[in-house]
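There are 2 protein chains.
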Amino acid sequence: MNNRNIRIKDIALKAEVSTGTVDRVLHNRGKVSEKVKERILQIIEESNYEPNLMARALGANKTYQIAALIPDYTVDSYWKAPKSGIEKAEKDLRQYGIAVKQFVFNPYDVNSYIEKASELTTFEPDGILLSPIFYRETLPFFQKWSRDKIPFIVFNTQITEFGALSYIGQDSYQSGMLGAKLLHYGQPEPCSILIAHIDEEISNAAHLIKKESGFRYYFAQVDPDNQYKIIRVELNRADPKAFSKKLDDLIDSTPDLKHIFVTTSKAYDIADYLEKRNATKIKIVGYDLIPKNLDYLNSGFISFLINQNPKGQGYFGISLLVDFLVFKKNIPALKFLPLDIVTKENLNYYVDEEDFVGQLAD
Amino acid sequence: MNNRNIRIKDIALKAEVSTGTVDRVLHNRGKVSEKVKERILQIIEESNYEPNLMARALGANKTYQIAALIPDYTVDSYWKAPKSGIEKAEKDLRQYGIAVKQFVFNPYDVNSYIEKASELTTFEPDGILLSPIFYRETLPFFQKWSRDKIPFIVFNTQITEFGALSYIGQDSYQSGMLGAKLLHYGQPEPCSILIAHIDEEISNAAHLIKKESGFRYYFAQVDPDNQYKIIRVELNRADPKAFSKKLDDLIDSTPDLKHIFVTTSKAYDIADYLEKRNATKIKIVGYDLIPKNLDYLNSGFISFLINQNPKGQGYFGISLLVDFLVFKKNIPALKFLPLDIVTKENLNYYVDEEDFVGQLAD
DNA sequence: TTGTAGGCGTTATCAC
DNA sequence: GTGATAACGCCTACAA
Chain A
147 MNNRNIRIKD IALKAEVSTG TVDRVLHNRG KVSEKVKERI LQIIEESNYE
197 PNLMARALGA NKTYQIAALI PDYTVDSYWK APKSGIEKAE KDLRQYGIAV
247 KQFVFNPYDV NSYIEKASEL TTFEPDGILL SPIFYRETLP FFQKWSRDKI
297 PFIVFNTQIT EFGALSYIGQ DSYQSGMLGA KLLHYGQPEP CSILIAHIDE
347 EISNAAHLIK KESGFRYYFA QVDPDNQYKI IRVELNRADP KAFSKKLDDL
397 IDSTPDLKHI FVTTSKAYDI ADYLEKRNAT KIKIVGYDLI PKNLDYLNSG
447 FISFLINQNP KGQGYFGISL LVDFLVFKKN IPALKFLPLD IVTKENLNYY
497 VDEEDFVGQL AD
Chain B
147 MNNRNIRIKD IALKAEVSTG TVDRVLHNRG KVSEKVKERI LQIIEESNYE
197 PNLMARALGA NKTYQIAALI PDYTVDSYWK APKSGIEKAE KDLRQYGIAV
247 KQFVFNPYDV NSYIEKASEL TTFEPDGILL SPIFYRETLP FFQKWSRDKI
297 PFIVFNTQIT EFGALSYIGQ DSYQSGMLGA KLLHYGQPEP CSILIAHIDE
347 EISNAAHLIK KESGFRYYFA QVDPDNQYKI IRVELNRADP KAFSKKLDDL
397 IDSTPDLKHI FVTTSKAYDI ADYLEKRNAT KIKIVGYDLI PKNLDYLNSG
447 FISFLINQNP KGQGYFGISL LVDFLVFKKN IPALKFLPLD IVTKENLNYY
497 VDEEDFVGQL AD
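So the sequence lines, in the order shown, correspond to chains A and B. In this text, residue positions in the first sequence follow this note's numbering: the first is 147, and each later residue adds one. In this text, residue positions in the second sequence follow this note's numbering: the first is 147, and each later residue adds one.
This is the structure:
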């Protein structure tokens, strides 16, 4: 380990300076004459020096405060997974000198979001991980954090135009295409297909629009003659009667409806409806491995769920922040996690995955 | 970091001994009186001490030699991925004090396997990662390594009964069920289905049998009346004429053949055949993201490929060995990687994945 | 602008 | 059996 690996000391020796000086140029702390700096840089280059990250973290002996701004999972169970990923990362990486503080807001309440984001800002963390589900309200915070040079990473919702270090999450358009592929594959003969948007705030609509666009694009490619009829509906569960009524009307007026593509994590509501209506011929493709969806996946009412490793998003987010803060690594600006196709037969491997090994490789 | 985290020094202080003594009981190096040992163990328990892995690796200052026994990817391109995973892991983990030496054998030549395994054994590594594709010839080595207390981890081919530290790889039976599900979903109306075993040595047959069993089990469940006709064929590409002839006969005698399930990574050969025969109505589900398969996946002749992250298998294998050797962690005896369903629309995320961060999470 | 000394938590090698 | 003490590679004072 020491034989082959070049250390700061070795560089110092070659450059005929002290380790302190090498350290200074390594970290751009200034206070080094141009001449010496050049020489050292040269040697570093030639010897392709790689710092020992462990020694680095050990020596620095600093604990970085990371703040996570996330929705309350008791309000929407989707958010349980990211939270658990964050906590796992904290556990795994604590020894590298980090601590994570969670700021939890109500995903259906903008004010709660603003309040928690303010709290977080007051806390003055060394790094921030957040899911900025409210676009407009987020921007001022991004500006402030940028000014204060606090690095922030965004996950789940893509807002990259204002200085985020990195975005981790989904590629909605592509996932729409994938959903379309699944339906199309399951239904080689033309039929009617319903795209259902359920129960989403306008703030999230960008996702859904992208999904729908991807979906339609796929069919435009494979079915230029429009033999498949694609219809769409927006549903809201706040009014259950209207919810059922709308679906009743749709189904009654569309006898050849064979498939429903649900763009949100609420596929279980459609499944529930179809089960009650005993419309077992209609197949569902939806999103997200939340418990209610899993029930219907197992019972066969939902055919596939598209999943984008929400736990991994949380884990990866913290992990990248650690790479950046602790190890001073360069980190990718964009990280789309795989679009996993999940069905009853491979569900085990995706749910409650205790590991992310795949991720390790980076 | 130091405030909250208890160190060996703290334990020593409480127990009124020196750090050396604590270290001895921590590592069972003996030479500690029962009485003191009890006391220290007690304190460790109470304070739920967690060793600082970085300091550990730094202090130990040992470089572990890991040997990897893997098939030559120029003979079968499937093996390129594990190799690249191993190399990535080596790169990522080198700083933890490991070096990986590869022993590459010809997967179609038992003698080559034995020869390389012997070489490896002579090398006396601190840990071994291997894909034991020849069962019988492997056992003597397992015995020797066990006697010599050299830990070994097995991937891709499951031979766990002789002391392997861990198995990383595929769940063949389950993947057969998954393949069946995909075909069944794509073909709601009963038809004939062909299971094709292509070009495999007997040594690997266990995999294929398991896949076929899982496949048949699925249909036994969903189609108890046997409306779907499941036929099987074993093909060998060594004789191209016989290969085509067999398929010709099958297809001619089975007009309602709609789907072919290829249990090996050679789906592209079937795709090639079907393309030439212009039998575009027959759909293929196969295994493994090797370049030739990807071509046909993109052109639509192959509908789905089932993938079990071969790069991740290599990466994870080394990674687990490092956990065991360097960090003295407990590692799971069995690790099935997810059964990924890959199609044209989500292919990007699985091929040449530069990252495993997920792995990090464990 | 530069060098030195001490410390991070652990391991390993000595004496005692 | 036990306890100092010097590494490991890097970082951070502080001194020069």
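C-beta atoms are modelled at their ideal positions from N, C-alpha and C, and glycine is treated no differently.
Comparing C-alpha positions only, which one of A213(A), I430(A), S164(A) sits nearest to G325(A)? When A213(A), I430(A), S164(A) are compared, the shortest CA-CA separation from G325(A) is found for I430(A).
Whose CA, out of G315(A), L420(A), T410(A), D398(A), lies closest to the CA of G458(A)? It is G315(A).
Anything in chain A within Cβ reach of D371(B), meaning under 8 Å, just list it in chain order. Listed by position along chain A, the residues whose Cβ is nearer than 8 Å to that of D371(B) form an empty set, because the closest Cβ is around 18 Å away.
For the beta strand (DSSP E) containing E380(A), list its first residue and its last residue. 375 to 381 is the span of the beta strand (DSSP E), which, as asked, contains E380(A).
Name the two residues that bound the continuous beta strand (DSSP E) containing K412(A). From DSSP, K412(A) is part of no beta strand (DSSP E); its letter is neither H nor E.
Taking DSSP as the reference, what is the three-state secondary structure of L485(B)? Reduced to three states, the DSSP call for L485(B) is coil.
8 Å contact criterion, which K391(A) and L381(A) should meet: CB distance rounded: Not really, about 10 Å apart at Cβ, beyond 8 Å.
Cα-Cα separation, E233(A) to L311(A): In a straight line, the C-alpha of E233(A) is about 21 Å away from that of L311(A).
Can you tell me the Cα-Cα spacing of Y471(A) and R282(A), whole angstroms? First, the residue type needs correcting, since residue 471(A) is Leu and not Tyr in the sequence shown. Taking the Cα positions, L471(A) is about 28 Å away from R282(A).
Please report the distance separating the alpha-carbon of K357(A) from that of T410(A). Cα-Cα distance, rounded: 10 Å.
Going by DSSP, what residues sit across from H405(B) in a beta bridge? H405(B) is bridged by DSSP to I339(B), K429(B).
Sub-9 Å separation of F331(A) and S449(B) beta-carbons: The sequence given here places Tyr at residue 331(A); Phe does not occur at that position. Closer than 9 Å, so yes.
Determine the chain B residues that contact E236(A) at a beta-carbon separation under 8 Å, and present them in chain order. Near E236(A) there are no residues of chain B at all, since even the closest Cβ is about 11 Å away, more than 8 Å.
Starting from K247(B), trace the alpha helix (DSSP H) in both directions and tell me its first and last residue. From DSSP, K247(B) is part of no alpha helix (DSSP H) but of the beta strand (DSSP E) over 244 to 251.
Beta carbon proximity, Y331(B) to chain A, threshold 9 Å: Answer yes: the Cβ-Cβ gap between Y331(B) and chain A drops below 9 Å somewhere.
Whose Cβ in chain A lies nearer than 7 Å to the Cβ of E491(B)? Under the 7 Å cutoff, chain A gives Q320, M323, L324, K327.
Using a Cβ-Cβ distance cut-off of 9 Å, determine whether Q241(B) contacts chain A. Yes, contact with chain A.
Unbroken beta strand (DSSP E) run spanning I212(A), endpoints: Here the beta strand (DSSP E) through I212(A) covers 210 to 217.
Compute the Euclidean distance between the alpha carbons of K512(A) and G243(A), then round it to the nearest angstrom. Coverage of chain A is limited to positions 147 through 508, which leaves residue 512(A) absent and any answer about it impossible.
Measuring straight from C-alpha to C-alpha, what distance separates Q454(A) and P456(B)? One C-alpha to the other measures close to 20 Å.
Rank K262(B), G432(B), V300(B), T267(B) by C-alpha distance to the C-alpha of K327(B) and give the top, closest one. K327(B) has its Cα closest to that of G432(B), out of K262(B), G432(B), V300(B), T267(B).
Please check the pair P228(B) and I216(B), which I expect to be a contact at CB under 8 Å, by giving their CB distance rounded to whole angstroms. With a Cβ gap of about 6 Å, P228(B) and I216(B) count as contacting.
Quick check: the segment 332 to 342 of chain B against the segment 370 to 378 of chain B, are at least 3 beta-carbon pairs closer than 8 Å? With a cut-off of 8 Å, the segment 332 to 342 of chain B and the segment 370 to 378 of chain B count as touching, because enough Cβ pairs lie within range.
Check this for me: beta carbons of T489(A) and L451(A), under 9 Å apart or not? L451(A) is positioned such that its CB atom lies closer than 9 Å to that of T489(A).
Roughly how many angstroms separate the alpha carbons of I279(A) and R240(B), rounded to a whole number? Rounded to the nearest angstrom, the two C-alpha atoms are 39 Å apart.
Closest residue to T220(B) among F251(B), E236(B), T209(B) (Cα-Cα distance): Here the closest residue by C-alpha is F251(B).
Other residues of its chain near R175(A): CB distance less than 8 Å, five sequence neighbours each side excluded: The answer, listed in chain order, is D169.
Contact defined as beta carbons within less than 8 Å: I believe D272(B) pairs with Y210(B). What is the distance between those atoms, to the nearest angstrom? Right, their Cβ atoms sit about 4 Å apart.
Cβ of F251(A) versus every heavy atom of the ligand SAH: is any distance shorter than 8 Å? In terms of ligand content, the structure shown is empty, and the ligand SAH therefore cannot be addressed.
From this set, I274(A), D395(A), Q304(A), which residue's C-alpha is nearest L466(A)'s C-alpha? Of the listed residues, the one whose Cα sits closest to L466(A) is I274(A).
Bounding residues of the alpha helix (DSSP H) (the contiguous stretch that carries V300(A)): Taken as a continuous stretch (DSSP letters only), V300(A) belongs to no alpha helix (DSSP H), being part of the beta strand (DSSP E) at 298 to 301.
So with Cβ pairs under 9 Å, would you call L485(B) a contact of chain A? Chain A contact via Cβ: present.
Answer yes or no: does any C-beta atom of chain B fall closer than 9 Å to that of E358(A)? No, E358(A) does not count as interfacial toward chain B.
Suppose the cutoff is 6 Å on Cβ atoms and the five residues either side in sequence are ignored; what does the same chain contact list for S230(A) look like? If we look at S230(A) and ignore the five residues flanking it on each side, its Cβ neighbours are K457.
Who are the neighbours of F482(A) on chain B, taking C-beta pairs under 9 Å? Within 9 Å Cβ-Cβ: N494, Y495.
Using 10 angstroms around the beta-carbon of V163(B), count the other beta-carbons present and answer buried if the total reaches 16, otherwise exposed. Here V163(B) is buried. Its C-beta has 16 or more other C-beta atoms within 10 Å.
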